[in-house]
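J.: Chains as they are written, first to last, in the numbering used here: chain D, 2 to 155; chain E, 989 to 1109.
We treat Cβ as the ideally placed atom computed from N, Cα and C, and that holds for glycine.
Fair warning: this is a prediction, and the values are worked out from it, not measured in the lab.
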Amino acid sequence: MQIPEEFGVRESDLVEMVIPTDLKSAKESEARIMGELARHHYSDDVTFAIKLALEEALTNAIKHGNRNDASKRLVVRYAVNPQQTVIMVRDEGPGFRPRKVPDPTADENLERPNGRGIMLMHAYMTRVRFNEAGNEVWMLKKNRETPLPSPPRQ
Amino acid sequence: MEQPSSHLRIKRSDAVSIVEFADRKILEELSIQEIGEELHQVVESEPGIKLLLNFKNVDHLSSAALGMLITLNKKVKEQSGQLKLCDINRQIYEVFKITRLNRVFDIHETAEQALSHFQSS
């Protein structure tokens, strides 16, 4: 899948990590991205949002995409700047149809233990785009909440 | 009396078992599974349990953790028990609100408030 045009990043902006299918490696890639957010002084709330969405994407890719198959790989690409963060996660699985996932906030689904990951990604990121197959997700978070310098006290 | 375990700290206040999480992040798949198993054991050991989960040490969670809590809630109800949650920070509470799980769980601001809302059996 091409980088979604509206995400406003170029190939050359992206850092790529290819990692094995395990949670430890996923956590390491997450830590690198979190380090970038800290370096750019992202607020707690924006950092919380990106971390949550990234973990859901990584968990989905490991569990549902690569089905914990250690012979498969994940590709994580990211670009962090003070204005926005773009993250892509791709697995080697057969994909899925995100629109077919039932709405977990519907009354009849509220007590189902699964099916909230995609919804949380959409809720916490500015934009989320899946490729046609459903094994690659691109997420954009605008860093709207960059703290402004406090006005001088009167 | 405090029972040390790998992920939970369990205290007793009158008839209520108060559980605090030792991990700040209830998130890694493995620890969620283990936390879920430990909590199920606690529930199974006491039919009609009054269980309070205190989230004061928790600053992150995931959909898998929410799923574990939903399954636990069902188990507690099956055993005619009561489950309440308390001391959830603003960011985590937002996750409960977005997923509408604030309607499924009985959530209180503080442990004291939650304790006063358990019904006597």
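1) So which residues of chain E does Lys143/D contact, with C-beta pairs closer than 9 Å?
2) Please check if any C-beta of chain D sits within less than 8 Å of the C-beta of Gly1036/E.
3) Could you tell me if Pro105/D is buried or exposed, where buried requires 16 or more neighbouring beta carbons within 10 angstroms of its beta carbon?
4) Work out the CA separation of Ala32/D and Ile1058/E for me, nearest whole Å.
5) Tell me, to the nearest whole angstrom, how far the beta carbon of Ile63/D is from that of Thr22/D; I am working on the premise that it is less than 8 Å.
6) What residue does the alpha helix (DSSP H) around Asp45/D start on, and which one ends it?
7) Between which two residues does the alpha helix (DSSP H) harbouring Thr1059/E extend?
8) Any residues in the segment 93 to 106 of chain D with a beta carbon nearer than 9 Å to a beta carbon of chain E? Which ones, in chain order?
9) Decide if the segment 1025 to 1033 of chain E is in contact with the segment 93 to 107 of chain D; the criterion is three or more beta carbon pairs, one per stretch, under 8 Å apart.
10) Following a CB-centred definition, is Phe49/D positioned closer than 7 Å to any heavy atom of the ligand FMN?
11) Beta-carbon of Glu57/D versus every beta-carbon of chain E: anything under 8 Å?
12) Within the segment 64 to 136 of chain D, note down every full beta strand (DSSP E) run reaching 3 residues or more, in order along the chain.
T.: Judging by the given coordinates:
1) Those do not exist, as Lys143/D stays about 18 Å from chain E at its closest Cβ, beyond 9 Å.
2) no
3) buried
4) 29 Å
5) 5 Å
6) 45 to 61
7) 1051 to 1066
8) Pro105, Thr106
9) no
10) By its list of ligands, the structure shown contains no ligand whatsoever, and the ligand FMN lies outside what it can speak to.
11) yes
12) 74 to 81, 85 to 91, 128 to 131
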